[in-house]
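Read left to right, the sequence shown gives residues 4 to 248 (our numbering).
Glycine included, every Cβ here is placed at the ideal spot set by N, Cα and C.
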Amino acid sequence: MFEYQEERSLKKRIYEIIEVSRPNDKASKAYDIFMMVTIMVSLLPMTSKTMTPAYTVIDYVTLVIFIVDYFLRMFTSDYKMGILSYKAYLAYPFTPMAIIDLLSILPAISFFTAGWKYMNMFRLLRTLRVFKLVRYSKTMTIITNVFRKQKKYLGAVVILAVAYIIISGMIVFQVEPDTFDSFFDAMYWATISLVTTGYGDIYPVSVIGRCVTMISSLVGVAIVALPAGIVTAGYMEEMSKLKDE
Numbered sequence: 004m005f006e007y008q009e010e011r012s013l014k015k016r017i018y019e020i021i022e023v024s025r026p027n028d029k030a031s032k033a034y035d036i037f038m039m040v041t042i043m044v045s046l047l048p049m050t051s052k053t054m055t056p057a058y059t060v061i062d063y064v065t066l067v068i069f070i071v072d073y074f075l076r077m078f079t080s081d082y083k084m085g086i087l088s089y090k091a092y093l094a095y096p097f098t099p100m101a102i103i104d105l106l107s108i109l110p111a112i113s114f115f116t117a118g119w120k121y122m123n124m125f126r127l128l129r130t131l132r133v134f135k136l137v138r139y140s141k142t143m144t145i146i147t148n149v150f151r152k153q154k155k156y157l158g159a160v161v162i163l164a165v166a167y168i169i170i171s172g173m174i175v176f177q178v179e180p181d182t183f184d185s186f187f188d189a190m191y192w193a194t195i196s197l198v199t200t201g202y203g204d205i206y207p208v209s210v211i212g213r214c215v216t217m218i219s220s221l222v223g224v225a226i227v228a229l230p231a232g233i234v235t236a237g238y239m240e241e242m243s244k245l246k247d248e
């Protein structure tokens, strides 16, 4: 019985260390800083076209660290999930951050499948490691909470934007058949016009097409402004709660 309690105490301490640190927990804070540095260093090979010996070492070392971190989180998932049973170990791998953790270590496949045609695609999964920073930054945690709480409103904006892009693309595709070779080109133009970027590689030349462009850009300003207002309001609400606490 004593050995079981000691094991549970050790597991709980590991959980406290690998999770976001508390103000007085130096070990947990050191772990957070170590993991943030590891994440940033692991992305260095993505800045080069060739894999130098130094980058190869970075890949191997950081990969081992991420694998250890993943299994530590799996080991303490009963505390994370709040379920002190085997169900926690079955449920944890399907949580969003656990999926990101798993995908971020999949580039290991590239070490054993040299020459495989999909190898570069797996190497691109390294970029998902950026999202792991959310776990170790309190500011990023707040922003994540804002997006989680405002997802219903942000989802409505996304649906509105997608609907407008499709409608604009259909309209301009009909009034400018010679300018747009495919409906995809029209969708690309509609998206660029919606966010008022305007690369200038594809553009309408007729009067009707230009009128559609002007309307699309004006509506785009309004649609793009909506998420900014929603996120700002949610962020201010979260900050207000933190001050009250």
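Give the single residue among the options whose Cα lies nearest to the Cα of residue i.
| i | options | result |
| --- | --- | --- |
| Val175 | Lys152, Ile205, Phe150, Leu163 | Ile205 |
| Tyr238 | Lys15, Met217, Thr147 | Thr147 |
| Ile170 | Thr144, Ile218, Lys155, Gly203 | Ile218 |
So is residue i buried or exposed if we call it buried at 16+ other beta carbons inside 10 Å?
| i | result |
| --- | --- |
| Ser243 | exposed |
| Ala228 | exposed |
| Tyr200 | Looking at the sequence shown, residue 200 is not Tyr but Thr. Flag for Thr200 reads exposed. |
| Trp119 | Low local confidence applies: a pLDDT of 47 at Trp119 is under 50, so the model's placement there is unreliable, with the coordinate-based value given in what follows. With fewer than 16 other Cβ atoms within 10 Å, it is exposed. |
| Phe5 | Note on Phe5: pLDDT 45, under 50, position unreliable in the model; the coordinate value appears next. By the neighbour-count rule (16 or more Cβ atoms within 10 Å), Phe5 is not buried but exposed. |
| Gly232 | exposed |
| Arg132 | buried |
Quick one: what does DSSP say residue i is sitting in, helix, strand or coil?
| i | result |
| --- | --- |
| Asp104 | helix |
| Val224 | helix |
| Met54 | coil |
| Gly118 | In this prediction, Gly118 has a pLDDT of 49, which is less than 50 and means its spatial position is unreliable; nothing more can be read from the coordinates. |
| Gln153 | coil |
| Val198 | coil |
| Val44 | helix |
| Arg25 | coil |
| Lys244 | helix |
| Asp72 | helix |
Answer yes or no: do residue i and residue j have a C-beta to C-beta separation smaller than 8 Å?
| i | j | result |
| --- | --- | --- |
| Tyr167 | Ile226 | yes |
| Arg72 | Met38 | Checking the displayed sequence, the identity of residue 72 turns out to be Asp instead of Arg. Yes, these two residues count as a Cβ contact at 8 Å. |
| Ser31 | Ile20 | yes |
| Ile36 | Ile70 | no |
| Ser45 | Thr65 | yes |
| Met77 | Tyr92 | yes |
| Tyr156 | Val23 | no |
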